[in-house]
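Peer 1: Let me give you the structure first, and then I'll get to my questions.
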Amino acid sequence: MSKKIIIGITGSIAAFKAVQLISDLVKKNFRVEVIMSESATKFITPVCIQSLTKRKVYVDTFDDENPAIITHVDIVKDADLFAIIPASAHTIAKLAHGFADNMLTSAFLAATCQKLVAPAMNVHMYENPITQNNIQTLKELGILFVEPINGLLACGDIGNGKLADEEDLLEMIQYALTPKKLKGKNILISAGPTQESIDPVRYITNHSSGKMGYALAKAAFCLGAHVTLVSGPTHLKQPYGIDLKPITSASEMYHTIMPLAPSQDIIIMSAAVGDYACVEIADEKIKKNDDFLHLKLCKNKDILFELGQIKNDHQILCGFAMETEHLIENASEKLKKKNCDIIVANHLKTEGAGFQGDTNIVSILTHSGIKEFGLQSKDSLAYEIFELIMNMEE
Ligand code: CTP
């Protein structure tokens with residue numbers, strides 16, 4: 040049975056952004072019920088929303104069709120999440136003080152499921168201690184918040200108050216719905232390519248997109264871990280709630296990861312770390328004079344190998360192996376040589392696996408055997424990897 044999410048929309052110009060979010064949640068197969076405040080209907084219409092959800096949109100508490108059912112109590116009974124997106128200062132104030140003066144606030148008060156609030160308002164309204172106190176009251180009651188972002192607001196002011204990006208909202212919805220099986224764990228994940236400079240304009244890199252590492256970081260966050268993501272340059276958005284440490288070269292990645300390693304419970308090296316770097320980086324742009332350009336490269340430190348050398352008994356170390364031939368032999372060699380607990384191996388030439396796409400097909404090697412994982416999204420594979428790690432820890 041798909042999860043049921045109640046989305047509450049309040050009177051804010053950001054209400055129009057809830058339309059796209061609801062459409063995307065429906066496409067992701069969530070059962071979405073929507074409750075709007077009277078003011079929200081001044082910005083967008085219930086008809087627009089119900090065309091997406093194919094369900095009645097509730098506004099009026101007393102609009103019960105069946106006298107035997109009290110809708111604001113009934114609708115929340117089997118809900119997995121109640122999210123108010125966007126939440127105005129006025130609604131937040133009412134929620135903090137237990138007001139139940141419309142369908143939205145009454146249903147919110149009657150709901151016992153996990154709750155999430157995404158504020159959107161003018162910067163001064165948001166920063167006003169009255170609003171901040173109300174937010175704090177709700178946080179202390181276990182209600183999750185997706186903080187607004189800085190930017191140009193509808194009123195013309197620039198500041199904090201814009202509704203969070205849809206990607207962050209979706210990630211926090213996923214967070215709210217995921218059991219916290221990794222709560223209390225420190226997890227370090229490396230992702231993306233590294234870049235080795237040749238001169239001020241050129242560098243050596245590889246085709247890694249970082250998508251697998253970012254999917255792992257998001258899954259670990261949703262499962263409740265404290266996540267550090269050491270990432271080479273990618274085009275991906277910084278995931279919500281994650282401690283991102285951007286690096287460029289393999290050497291920078293090494294120097295960032297090694298001091299953090301001892302305090303980690305799980306380390307996953309999914310980055311495509313460059314194996315070689317230029318012995319000398321030219322200060323000025325190299326001009327093309329001769330037919331051949333010789334670069335002298337030296338081997339970078341193998342970070343995974345070094346982590347294997349200092350690994351303690353309680354730590355789980357996971358590496359990746361991307362091969363174009365002899366996948367299992369090469370991967371199992373890496374498992375032993377680098378003193379890892381897990382190697383996630385994939386074949387670069389298999390369709391649906393590898394660097395750039397959103398899917399992967401992998402064989403996962405541990406010291407007790409090999410498990411095959413068929414074509415699936417990198418997001419769902421990330422959860423499978425953590426499931427396997429958690430089973431190893433038991
Ligand atoms: N790795 C690392 N440091 C390096 C190179 C690789 O930590 N300098 C890690 C990668 O993050 C990955 C694993 O080692 O988890 C395997 O990387 P891969 O490139 O497949 O193998 P290599 O060890 O570099 O060996 P080869 O290139 O010869 O296959």
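Residue numbers (my numbering): 40 to 433. Virtual Cβ for every residue (Gly too), placed ideally from N, Cα, C.
1) Is it buried or exposed for residue 389, if we count other Cβ within 10 angstroms and need 16 for buried?
2) Which residues bound the alpha helix (DSSP H) around residue 361?
3) Can you tell me whether residue 294 is buried or exposed? The criterion is at least 16 other CB atoms within 10 Å of its CB, across all chains shown.
4) Any chance the CB of residue 310 is under 6 angstroms from a heavy atom of the ligand CTP?
5) Could you tell me the distance, in whole angstroms, from the CA atom of residue 32 to the CA atom of residue 210?
6) State the CB to CB distance for the pair residue 270 and residue 231, rounded to an integer number of angstroms; the pair is presumed to be in contact (CB under 8 angstroms).
7) Quick one: Cα of residue 91 to Cα of residue 62, how far?
8) Under a three-way DSSP split, which group does residue 433 fall into?
9) Give the range of the alpha helix (DSSP H) segment to which residue 149 is assigned.
10) By the 10 Å Cβ neighbour count, where 16 or more other Cβ atoms means buried, how is residue 346 classified, buried or exposed?
11) What are the complete alpha helix (DSSP H) segments, minimum 4 residues, inside the segment 217-269?
12) Enumerate, from N- to C-terminal direction, the unbroken beta strand (DSSP E) stretches of 3 or more residues contained entirely within the segment 387-428.
13) Starting from residue 121, follow the beta strand (DSSP E) in both directions and report where the run begins and ends.
14) Ends of the beta strand (DSSP E) at residue 47?
15) By a C-beta neighbour count over all protein chains shown, 10 Å radius and 16 as the cutoff for buried, is residue 71 buried or exposed?
16) For residue 404, which of 415, 396, 386 and 382 has the nearest alpha-carbon?
17) Looking at the secondary structure, which residues open and close the alpha helix (DSSP H) in which residue 299 lies?
18) Can you grab the Cα-Cα spacing for the pair residue 207 / residue 334, in whole Å?
19) Reducing DSSP to helix, strand and coil, say where residue 180 ends up.
20) Given that a residue counts as buried once 16 or more other Cβ atoms are within 10 Å of its Cβ, and exposed if not, what is residue 18?
21) Tell me where the alpha helix (DSSP H) around residue 87 begins and ends.
22) Check the C-beta distance from residue 342 over to residue 307 and give it rounded, since I have them as a contact under 8 angstroms.
23) Quick one: is residue 301 buried, meaning 16 or more other Cβ sit within 10 Å of its Cβ, or exposed?
24) Pull up the distance between the alpha-carbon of residue 168 and that of residue 126, whole angstroms please.
25) Return yes when the C-beta of residue 316 is under 6 angstroms from any heavy atom of the ligand CTP, and no when it is not.
26) Quick one: residues in its chain with C-beta nearer than 7 angstroms to the C-beta of residue 178, no 5 flanking neighbours on either side, listed in chain order?
27) Using beta-carbon positions only, say whether residue 487 and residue 114 come within less than 7 angstroms of one another.
28) Measuring CB atoms only, is the segment 42-52 touching the segment 70-88, in the sense that at least three cross pairs come out at less than 8 angstroms?
Peer 2: Let's see:
1) Residue numbering aside, residue 389 sits at position 350 when the sequence shown is read from its first letter. Exposed, by the Cβ-count rule.
2) Within the sequence shown, residue 361 is the residue found at index 322, counting from 1. Premise fails: residue 361 lies in the beta strand (DSSP E), 355-362, not in any alpha helix (DSSP H).
3) Taking the sequence shown and counting its residues from 1, the one referred to as residue 294 is at position 255. By the 10 Å Cβ count, residue 294 comes out exposed.
4) Within the sequence shown, residue 310 is the residue found at index 271, counting from 1. Result yes, Cβ under 6 angstroms from the ligand CTP.
5) The requested residue 32 is not part of the displayed model; the chain covers only 40 to 433.
6) Walking along the sequence shown from the start, residue 270 turns up at place 231. Walking along the sequence shown from the start, residue 231 turns up at place 192. Correct: roughly 5 angstroms between the Cβ atoms.
7) On the sequence shown, residue 91 is found 52 positions in, with the first residue counted as 1. On the sequence shown, residue 62 is found 23 positions in, with the first residue counted as 1. C-alpha separation (whole angstroms): 6 angstroms.
8) Here residue 433 refers to the residue found at position 394 when the sequence shown is read from its first residue. DSSP places residue 433 in the coil class of the three-state scheme, outside both helix and strand.
9) Here residue 149 refers to the residue found at position 110 of the sequence shown. That run of the alpha helix (DSSP H) goes 142-149.
10) Position 307 of the sequence shown, counted from the first residue, corresponds to residue 346. With 16 or more other Cβ atoms within 10 Å, it is buried.
11) 250-261
12) 398-405 and 408-416
13) Numbered from its first residue, the sequence shown carries residue 121 at position 82. Residue 121 -> beta strand (DSSP E) spans 120-126.
14) Mapped onto the sequence shown, residue 47 falls at position 8. 43-48 is the extent of the beta strand (DSSP E) around residue 47.
15) Here residue 71 is taken as the residue at index 32 of the sequence shown, counted from 1. With 16 or more other Cβ atoms within 10 Å, it is buried.
16) Taking the sequence shown and counting its residues from 1, the one referred to as residue 404 is at position 365. Selected option, being the one with the closest Cα: 382.
17) On the sequence shown, position 260 is the one that residue 299 refers to. Residue 299 -> alpha helix (DSSP H) spans 289-299.
18) Translated into the one-based positions of the sequence shown, residue 207 becomes position 168. Translated into the one-based positions of the sequence shown, residue 334 becomes position 295. Taking the straight line from one Cα to the other gives about 43 angstroms.
19) In the sequence shown, the residue the question calls residue 180 occupies position 141. Coil, per DSSP.
20) Past the edges of the chain, shown from 40 to 433, lies residue 18, and the structure says nothing about it.
21) Within the sequence shown, residue 87 is the residue found at index 48, counting from 1. It spans 85-92 - the alpha helix (DSSP H) in which residue 87 sits, taken as one unbroken run.
22) Against the sequence shown, residue 342 aligns to sequence position 303. Against the sequence shown, residue 307 aligns to sequence position 268. With a Cβ gap of about 12 angstroms, residue 342 and residue 307 do not count as contacting.
23) By 1-based counting over the sequence shown, the position of residue 301 is 262. Flag for residue 301 reads exposed.
24) For the purposes of this step, residue 168 is identified with residue 129 of the sequence shown, where counting begins at 1. For the purposes of this step, residue 126 is identified with residue 87 of the sequence shown, where counting begins at 1. Going from the Cα of residue 168 to the Cα of residue 126 covers about 17 angstroms.
25) Here residue 316 is taken as the residue at index 277 of the sequence shown, counted from 1. For the ligand CTP, not one heavy atom lies less than 6 angstroms from the Cβ of residue 316.
26) Against the sequence shown, residue 178 aligns to sequence position 139. For residue 178, where only same-chain residues beyond five positions count, the Cβ hits under 7 angstroms are 184.
27) With the chain covering 40 to 433 only, the question about residue 487 has no answer from this structure.
28) yes
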